[in-house]
Amino acid sequence: MHASLRFLLCLCLMFATLTGHTEPVMLDGTAIYQIDVPFKGSSAARRAEDAGQRLQQAAQQGLPAQAVRVVDSALGTDLMLGDTYLSTVFDSDAAAAGLPRTELAQQQAQAVAAALSRYQRAHSEEKLWLGGLYAALTLLAAFVLGHLLNRTYRRLHALIVGASRRSMRRLEHRTHHIVRAAPLLQLLGGLLRLGRLLLFVLLLYLTVELLLSYFATTRPYAGRLLGWMLAPLQQGGLVVAEQIPKLFFLAVLIIVTRYLLRVIRYLFREIERGNLRFEGFYPDWASPTQKIVSFLLIAFALMVAYPYIPGSESAAFKGVSLFLGVLFSLGSTGAISNLVAGVILTYMRAYRQGDLVRIGDSQGVVVSHSLLVTKLFTIRNQEITIPNSVVLQGHVTNLSSGGASRGALVSTAVTIGYDTPWRQVHALLLEAAAQTEEVLKTPAPFVLQTELQDFYIRYELNVYTDQPQRLPFVLSALNASVQDSFNRHGVQIMSPHFFDRARGPVLTPPEHWYEAPARRPEGGAE
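With mature numbering (1 follows the signal peptide of the UniProt record, and there is no 0) as the guide, the letters of the sequence shown map in order to residues -22 to -1, 1 to 504.
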């Protein structure tokens, strides 16, 4: 009967041993012995942890290894370090190990004594000095290797990028700048920098691992460092792996969209330069049309890409998207109206960059005309920004006749009596125009007789200038030249008024028609 009970007890212990978890008792990161079975509600893991903590405290107190002893108690055999209790070997432990209890306790005592000896040697002052020396040498070697790695990277970068620059430029020329050399060279340089970064990270990891292994206190963390580094990378890698099909689609979409944008930019640039022509499509429409088409293409690409963005199906992502959409709808009313007005103004060709215009009460040179605003630069060095919706609602006066290619028109007028030959007045005004700086020779200045009043004739001198931003200064200089020209030839600039009937007719006899600086036409025609 007793034999059967012992047999059943052994079977239960064997079953517990096979199905349970063996837990080591640790000292300074090293397993000393194992605890296989629980005892009275304390699991094997808890028993091993408590024994390891007591052993660690005893080792830190500097108790000698020779003080380890085995003492029998009422429950089992106790392991003692001097008067400090470490753990107990119970009958269940001996049955699980298949050894007598006393023999198992002696084995554990020998293992504890050997571990304490190793601990004392590892934490001795000599080991600390030796670890410090090794650490200094390791840091010096890491610094030298890092310096050599940096120099090698610079040489390889100059060699590889320099050798690839010419072939990539030929590729750019063959594809008419659709494939650009600069981004490819940047990609190549980025790959080289990534390789250098990975080597630096590897060097840093090996250095830290060696530094931690030189000291007994930090040696347990040396083997765990790689796991700590790889754990977040592994989690991130799993997340990325799940999204690889979507990310691949997004990458292809981005590449296709980018090259389509380049093709669009190339085509409209050729139209702007005049190398590509379409009937009814003006070159100055190329730049704004390119922006509109590019915007529509990007908007279409975003709509296609939205379902493939990781997390786009989550409620939080949809809520944020809805919130941003409402904000955009509420805040972009004015921007949309300006955008529409900018498109209309662009295709109306009311003015171009460089034209002198008057918009409402503002007059200046158009320095910028975007889809949202028009910017004018005035004579007083002021930059005026006018929303395109305001421009469209008012009226625009373009003072640059024929556009920027012909220049801005400048006019001044004088009134001269009927007793001065009109041919002479014309010649004097044209002479003044020829002597004024910043007045174009082509188109040529011209004079108009705009009014025949009772006592005088009104003459208007019209000239062109390619400096519309200096229009008031050009007009001032032109008026000064007119005065000088008339004074040199003795012609008064005044408007006569008569309060009594003249004794003789006020007219110019034919023999005075060509007073200087007027010239008689060739062939004698008058």
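Using N, Cα and C, we set each Cβ at its ideal position, and we do this for glycine too.
Is the distance from the Cβ of Val388 to the Cβ of Leu453 below 7 Å? Taking the sequence shown and counting its residues from 1, the one referred to as residue 388 is at position 410. Taking the sequence shown and counting its residues from 1, the one referred to as residue 453 is at position 475. Cβ atoms of Val388 and Leu453: closer than 7 Å.
Indicate the three-state DSSP secondary structure (helix, strand or coil) for residue 537 in the structure shown. Outside the shown range of the chain, which is -22 to 504, sits residue 537, and nothing can be said about it.
Can the beta-carbon of Leu41 be found closer than 7 Å to that of Leu59? Within the sequence shown, residue 41 is the residue found at index 63, counting from 1. Within the sequence shown, residue 59 is the residue found at index 81, counting from 1. Yes; because the gap between Cβ atoms is below 7 Å, this pair is in contact.
Beta carbon of Pro423, beta carbon of Leu406: below 7 Å? By 1-based counting over the sequence shown, the position of residue 423 is 445. By 1-based counting over the sequence shown, the position of residue 406 is 428. It is not a contact, given that the beta carbons lie outside the stated cut-off.
Let me make sure I understand the geometry here. Which of Phe68, Thr66, Arg96 has the alpha-carbon closest to that of Gln38? Within the sequence shown, residue 38 is the residue found at index 60, counting from 1. Closest by alpha carbon: Arg96.
Compute the beta-carbon to beta-carbon distance between Leu274 and Gly320, rounded to the nearest angstrom, for a pair I have assumed lies under 8 Å. Within the sequence shown, numbered from 1, the residue matching residue 274 stands at position 296. Within the sequence shown, numbered from 1, the residue matching residue 320 stands at position 342. Not a contact, Cβ separation roughly 15 Å.
Among the residues of its own chain, which have a CB less than 8 Å from the CB of Tyr325, if the five just before and after it don't count? Mapped onto the sequence shown, residue 325 falls at position 347. For Tyr325, where only same-chain residues beyond five positions count, the Cβ hits under 8 Å are Trp263.
Which residue marks the beginning of the alpha helix (DSSP H) containing Ala23, and which one marks its end? Here residue 23 is taken as the residue at index 45 of the sequence shown, counted from 1. Residues 22 to 38.
Opening and closing residue of the alpha helix (DSSP H) in which Tyr367 lies: The count along the sequence shown starts at 1 and reaches residue 367 at position 389. Note that residue 367 is Ser in the sequence shown, not Tyr. Ser367 -> alpha helix (DSSP H) spans 366 to 371.
Between Val469 and Val441, is the Cβ-Cβ spacing less than 7 Å? As a position in the sequence shown, residue 469 is number 491, starting the count at 1. As a position in the sequence shown, residue 441 is number 463, starting the count at 1. Going by C-beta atoms, Val469 is not nearer than 7 Å to Val441.
Take Gly338 and list the residues in its own chain whose beta-carbon comes closer than 6 Å to its own, dropping the five residues that flank it on each side. For this step, residue 338 is matched to residue 360 along the sequence shown. Counting only Cβ-Cβ distances below 6 Å, and skipping sequence neighbours, we find Gly372.
Contact set for Gln34: own chain, Cβ-Cβ below 7 Å, skip 5 residues either direction: Position 56 of the sequence shown holds residue 34. For Gln34, where only same-chain residues beyond five positions count, the Cβ hits under 7 Å are Leu5.
Cut-off 7 Å between Cβ atoms - residues of its own chain near Phe227, not counting five sequence neighbours on either side: Mapped onto the sequence shown, residue 227 falls at position 249. For Phe227, where only same-chain residues beyond five positions count, the Cβ hits under 7 Å are Tyr286.
At what residues does the alpha helix (DSSP H) containing Ile232 begin and finish? Residue mapping note: residue 232 aligns to position 254 of the sequence shown, counting from 1. Start and end: 222 to 251.
Using the three-state DSSP reduction, which class does Ile138 fall into: helix, strand or coil? Numbered from 1 along the sequence shown, position 160 holds the residue referred to as residue 138. In the structure shown, Ile138 sits in a helix (DSSP, three-state: H, G or I).
Beta-bridge partners of Glu438, as assigned by DSSP: Position 460 of the sequence shown, counting from 1, holds the residue named residue 438. According to DSSP, Glu438 bridges with Ala391, Leu426.
In its own chain, which residues sit with a C-beta less than 7 Å from the C-beta of Arg448, not counting the 5 before and 5 after it? By one-based count along the sequence shown, residue 448 stands at place 470. So the qualifying residues of the chain are Glu416.
Spell out a yes or no on whether the segment 63 to 73 and the segment 8 to 24 are touching, meaning 3 or more CB-CB pairs, one atom from each, closer than 8 Å. yes
How should Glu291 be labelled, buried or exposed, when 16 other C-beta atoms within 10 angstroms of its C-beta is the threshold for buried? Here the question's residue 291 lines up with position 313 in the sequence shown. By the neighbour-count rule (16 or more Cβ atoms within 10 Å), Glu291 is not buried but exposed.
Looking at the secondary structure, which residues open and close the alpha helix (DSSP H) in which Met281 lies? If you number the sequence shown from 1, residue 281 lands on position 303. 264 to 283 is the span of the alpha helix (DSSP H), which, as asked, contains Met281.
Less than 7 Å between the beta carbons of Thr55 and Val48, yes or no? Locating residue 55 in the sequence shown gives position 77, counting from the first residue. Locating residue 48 in the sequence shown gives position 70, counting from the first residue. For Thr55 and Val48, yes; Cβs fall inside 7 Å.
Using beta-carbon positions only, say whether Gly30 and Val67 come within less than 7 Å of one another. Your numbering for residue 30 matches position 52 in the sequence shown. Your numbering for residue 67 matches position 89 in the sequence shown. It is not a contact, given that the beta carbons lie outside the stated cut-off.
From the DSSP output, in three-state form, read off Tyr192 for me. Taking the sequence shown and counting its residues from 1, one reaches residue 192 at position 214. Coil, per DSSP.
Would you report the Cα separation of Gln331 and Val345, rounded to the nearest angstrom? Residue 331 sits at position 353 when you count from the first residue of the sequence shown. Residue 345 sits at position 367 when you count from the first residue of the sequence shown. Straight-line Cα distance between these residues: approximately 6 Å.
Quick one: what does DSSP say Asn128 is sitting in, helix, strand or coil? Numbered from its first residue, the sequence shown carries residue 128 at position 150. It is helical.
Give a yes or no on whether the C-beta atoms belonging to Gly342 and Thr356 are separated by under 7 Å. Counted from its first residue, the sequence shown places residue 342 at position 364. Counted from its first residue, the sequence shown places residue 356 at position 378. Yes; because the gap between Cβ atoms is below 7 Å, this pair is in contact.
Leu94 to Glu27, Cα distance in whole Å? If you number the sequence shown from 1, residue 94 lands on position 116. If you number the sequence shown from 1, residue 27 lands on position 49. Roughly 17 Å between the two C-alpha positions.
Is it true that the segment 134 to 141 meets the segment 161 to 180, where meeting means three or more beta-carbon pairs spaced less than 8 Å apart? yes
Please classify Thr428: is it buried, with 16 or more other beta-carbons within 10 angstroms of its beta-carbon, or exposed? Residue numbering aside, residue 428 sits at position 450 when the sequence shown is read from its first letter. When all chains shown are included, Thr428 counts as exposed.
According to the Cβ coordinates, are Thr62 and Ala36 closer than 7 Å? Locating residue 62 in the sequence shown gives position 84, where the first residue counts as 1. Locating residue 36 in the sequence shown gives position 58, where the first residue counts as 1. Yes, they are a contact pair.
What separation, rounded to the nearest whole angstrom, lies between the Cα atoms of Leu300 and Leu225? Residue numbering aside, residue 300 sits at position 322 when the sequence shown is read from its first letter. Residue numbering aside, residue 225 sits at position 247 when the sequence shown is read from its first letter. If you take the alpha carbons of Leu300 and Leu225, they lie about 23 Å apart.
Beta-ladder partner(s) of Ile337, from DSSP: Within the sequence shown, the letter at position 359 stands for residue 337. According to DSSP, which records beta bridges pairwise, Ile337 is partnered with Ser340, Val374.
Beta carbon of Ser265 nearer than 7 Å to that of Ile242: Here the question's residue 265 lines up with position 287 in the sequence shown. Here the question's residue 242 lines up with position 264 in the sequence shown. Result no, Cβ atoms of Ser265 and Ile242 do not sit closer than 7 Å.
Among Leu181, Leu53, Glu104, whose alpha-carbon lies nearest the alpha-carbon of Thr80? As a working mapping, residue 80 is identified with position 102 in the sequence shown. Nearest option by C-alpha distance: Leu53.
Pull up the distance between the alpha-carbon of Cys(-13) and that of Thr8, whole angstroms please. Counting from one through the sequence shown, the residue named residue -13 turns up at place 10. Counting from one through the sequence shown, the residue named residue 8 turns up at place 30. The pLDDT assigned to Cys(-13) is 49, lower than 50, so where the model puts this residue is not dependable, and the model offers no usable value.
With a Cβ-Cβ cutoff of 7 Å, do Ala283 and Leu231 count as a contact? Walking along the sequence shown from the start, residue 283 turns up at place 305. Walking along the sequence shown from the start, residue 231 turns up at place 253. Yes; because the gap between Cβ atoms is below 7 Å, this pair is in contact.
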